[in-house]
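Undergrad: Just so you know, the sequences run in chain order B and X.
For the first sequence, position 35 (counting from the first letter as 1) is numbered 35 according to the numbering used here, and the numbering increases by one without interruption.
For the second sequence, position 77 (counting from the first letter as 1) is numbered 77 according to the numbering used here, and the numbering increases by one without interruption.
2 protein chains.
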Amino acid sequence: MEAPATRVLIYEDNPDLRISLSQLLGGTPGLELAGALGNCQQVETDIPRLRPDVVLMDIDMPGINGIEGLKRIKAKSPGTSVVMLTVFEDNDRVFQAVCAGADGYLLKKTPPAKLLDAINEVKAGGAPMTPAIARQVLRLFPKPVAPRQHEDSPANLSAREQEILGLLVEGYSYKMIAHDRGISLDTVRSHIKKIYEKLHVRSMTEAVSKALRQGLT
Amino acid sequence: MEAPATRVLIYEDNPDLRISLSQLLGGTPGLELAGALGNCQQVETDIPRLRPDVVLMDIDMPGINGIEGLKRIKAKSPGTSVVMLTVFEDNDRVFQAVCAGADGYLLKKTPPAKLLDAINEVKAGGAPMTPAIARQVLRLFPKPVAPRQHEDSPANLSAREQEILGLLVEGYSYKMIAHDRGISLDTVRSHIKKIYEKLHVRSMTEAVSKALRQGLT
DNA sequence: CATCGGCTCACATCATTATGCTACGGCGCC
DNA sequence: GGCGCCGTAGCATAATGATGTGAGCCGATG
């Protein structure tokens, strides 16, 4: 008396990934591939036609993006669970996805086994999320509820570190910062290393993005 | 030298559980028991005194309850991570805890191994939650949020270029973009060169900054 | 059908960043 | 008065990014 298979629909514009996801799901007992599409232009008709229980939705797609696709699905069929797939743990998108009613949020690099777990999890009423994303969701939460302008610690950055982060945001290079502040290039490196640790990032672009999105400037 | 041990502070009014948690943590390499207290009456002084990296906080305690303790910790020391422990997946408490800035939310029945994982997870910037609680958090999230929309200035960027700029903003490296989009590294270079020309910038950081500030995402 | 822009790819070279380790003076806190 | 954090600094190596030049394919447009 097996339960009927869980019907899974994939939206993913990268053909390689789409195919490997399809194969993964198709080859798993208890799951049934309802479809695997490269865009969500026809999402409104796809859903009633394919009747998925769970949708895996890539966030970054040309044309109608995943967030928009999510909204349309939820508008038509609120009961359908939608798990967002993304390469980034980007704050803004997480926020948008969560607001639009996403039921889970995973990174594309999630190993296949975890992905299958996640599908079962949503089916069981859970909400699969990577730890880092879960953290972001928690951080996002209090703000809309209580828009306190709390000058809560700028992510623990020291005054000097904030200053330098500000310059990064302005597009300054290490050299420019060193010259501008009259310190050595190596000192700039030191500061930036610490900023990276504290912000949990690994590149200037990530730091800039995080700074701008979290108002650390 | 090894990384300094993670200092963990426990608030748990049940002596049995408090002791077994203490033993669990005390016997784990990389963790250091900063303290194990039966109430959070002195939370304001406990924190600076014991300087924990992570606090495990029982929600249901006599006197000052866990939510209140959490608030006080966050008021004094926003950088300290607090993981709530609870017996029930009660909606209202989850809501309150999340609003007060909890960094994780686990059930007391969580197996010891998972608990240790969770501590490492918060330390690494994650937010351990049980799936069911994660789902509640998502549901609690205020939906009526009007996402700003700007279809205004495509800034002359082609669709592909905007797409790639989006990835840059997310902190993607050339390599990651190439892999994700299934194109060669050199093609990524080409696109980015053109993006730079069109935006009049000369580095990833400038491009990211400009993109975020002008809503090109 | 010829031209043009967008997308793809290659090769080359130099500049900049990322990361790890080490170190020292100053300051505030037990 | 020892400990930890901040700001400063240097050195070394590996990885990534910036820029130039050139080229093939395709679809749209004139």
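Every residue gets a Cβ at the ideal spot worked out from N, C-alpha and C, and that includes glycine.
Taking DSSP as the reference, what is the three-state secondary structure of lysine 143 of chain X?
TA: Note that lysine 143 of chain X scores a pLDDT of 45, beneath 50, so its modelled location is shaky; the value from the coordinates is reported in the next line. Note: lysine 143 of chain X maps to coil in three-state DSSP.
Undergrad: Per DSSP, what are the beta-bridge partners of aspartate 58 of chain X in this structure?
TA: For aspartate 58 of chain X, which the question treats as bridged, DSSP gives the partners X:Leu85.
Undergrad: Compare the beta carbon distance of valine 264 of chain X and serine 81 of chain X with 8 Å and say whether it is the shorter of the two.
TA: It is not possible to answer for residue 264 of chain X, since the shown part of chain X is limited to 1 through 217.
Undergrad: Helix or strand or just coil, what does DSSP make of glycine 38 of chain B?
TA: Looking at glycine 38 of chain B - three-state DSSP - the assignment turns out to be coil, as it is neither helix nor strand.
Undergrad: With DSSP collapsed to three states, give me the class of arginine 160 of chain B.
TA: DSSP places arginine 160 of chain B in helix when its eight states are reduced to three.
Undergrad: My guess is that alanine 34 of chain B and arginine 72 of chain B are in contact by the Cβ rule of under 8 Å, so how many angstroms apart are they, rounded?
TA: Wrong, their Cβ atoms sit about 17 Å apart, outside the cutoff.
Undergrad: Could you give the residue range of the beta strand (DSSP E) that holds glycine 218 of chain B?
TA: In the structure as shown, chain B begins at 1 and stops at 217. Residue 218 of chain B is therefore absent and cannot be evaluated.
Undergrad: Taking leucine 138 of chain X as the reference, which of B:Ala127, B:Pro131 and B:Ala132 has the closest Cα?
TA: Among B:Ala127, B:Pro131 and B:Ala132, the Cα nearest to that of leucine 138 of chain X is on B:Ala127.
Undergrad: Could you list which residues in chain B have their beta carbon closer than 8 Å to that of valine 54 of chain X, in chain order?
TA: Here the premise fails: no neighbours, minimum Cβ distance about 13 Å.
Undergrad: I'd like to know whether the C-beta of asparagine 39 of chain B is nearer than 8 Å to at least one C-beta of chain X.
TA: Not one chain X Cβ lies under 8 Å of asparagine 39 of chain B.
Undergrad: Can you give me, in chain order, the residues of the region 175 to 196 of chain X that have a beta carbon less than 8 Å from any beta carbon in chain B?
TA: Within the region 175 to 196 of chain X, the qualifying residues are Met176, Asp180, Arg181 and Gly182.
Undergrad: Inspect the beta-carbon positions of aspartate 58 of chain B and glutamate 12 of chain B and report whether they are closer than 8 Å.
TA: Against a cut-off of 8 Å, the Cβ pair of glutamate 12 of chain B and aspartate 58 of chain B comes out as a contact.
Undergrad: Run the CB neighbour count on isoleucine 19 of chain X, radius 10 Å, all protein chains shown included, and call it buried at 16 or more, exposed below.
TA: With fewer than 16 other Cβ atoms within 10 Å, it is exposed.
Undergrad: Using a Cβ-Cβ cut-off of 7 Å (strictly less than) and excluding sequence neighbours within five positions of lysine 143 of chain B, which residues of its own chain qualify?
TA: Bear in mind that the predicted position of lysine 143 of chain B carries a pLDDT of just 43, short of 50, making it unreliable; the figure below should be weighed with that in mind. Closer than 7 Å at the Cβ level, and outside the excluded window around lysine 143 of chain B, lies no residue.
Undergrad: If contacts are defined as beta-carbon pairs under 8 Å, then proline 52 of chain X and leucine 9 of chain X qualify, I think. What distance do you get, rounded to the angstrom?
TA: That belief holds up - the Cβ atoms of proline 52 of chain X and leucine 9 of chain X are roughly 4 Å apart, short of 8 Å.
Undergrad: Taking DSSP as the reference, what is the three-state secondary structure of leucine 116 of chain B?
TA: Leucine 116 of chain B falls in the helix class under three-state DSSP.
Undergrad: For the beta strand (DSSP E) that threonine 6 of chain B lies in, which residues bound it at each end?
TA: Element bounds for threonine 6 of chain B: 6 to 11.
Undergrad: If I measure Cβ to Cβ from alanine 100 of chain X and keep anything under 8 Å in the same chain, skipping five residues before and after, which residues do I get?
TA: Excluding residues within five positions, the ones whose Cβ falls inside 8 Å are Ile67, Leu70, Lys71 and Lys74.
Undergrad: Taking the continuous alpha helix (DSSP H) assigned at glycine 26 of chain B, which residues delimit it?
TA: Its alpha helix (DSSP H) spans residues 15 to 26.
Undergrad: Starting from aspartate 90 of chain X, find everything on chain B with Cβ-Cβ shorter than 8 Å and list it in chain order.
TA: Neighbours of aspartate 90 of chain X on chain B: none; closest Cβ ~16 Å, over 8 Å.
Undergrad: Determine the burial state of lysine 109 of chain B: buried for a count of at least 16 other Cβ atoms within 10 Å of its Cβ, exposed for fewer.
TA: Exposed.
Undergrad: My output table needs one value for glycine 104 of chain B: the three-state DSSP class, helix, strand or coil.
TA: Glycine 104 of chain B: strand per DSSP, three-state reduction.
Undergrad: So what's glutamate 170 of chain X in DSSP terms, helix, strand or just coil?
TA: Three-state result, glutamate 170 of chain X: coil.
Undergrad: May I ask which residues mark the beginning and end of the alpha helix (DSSP H) holding asparagine 65 of chain B?
TA: It is not in any alpha helix (DSSP H) - asparagine 65 of chain B carries neither H nor E in the DSSP assignment.
Undergrad: Quick one, which of B:Leu85, B:Ala102 and B:Ile64 has its alpha-carbon nearest serine 77 of chain B's?
TA: It is B:Ala102.
Undergrad: From B:Gln41, B:Leu165, B:Glu32 and B:Met176, pick the residue whose C-alpha is nearest to that of valine 201 of chain B; which is it?
TA: Checking every option, the nearest Cα to that of valine 201 of chain B belongs to B:Leu165.
Undergrad: So arginine 49 of chain B is in the alpha helix (DSSP H); what residue range does that whole segment cover?
TA: Where arginine 49 of chain B is concerned, the enclosing alpha helix (DSSP H) stretches over 43 to 50.
Undergrad: When we look at the beta-carbon of glycine 27 of chain X and count the other beta-carbons within 10 Å, is it buried (16 or more) or exposed?
TA: Exposed.
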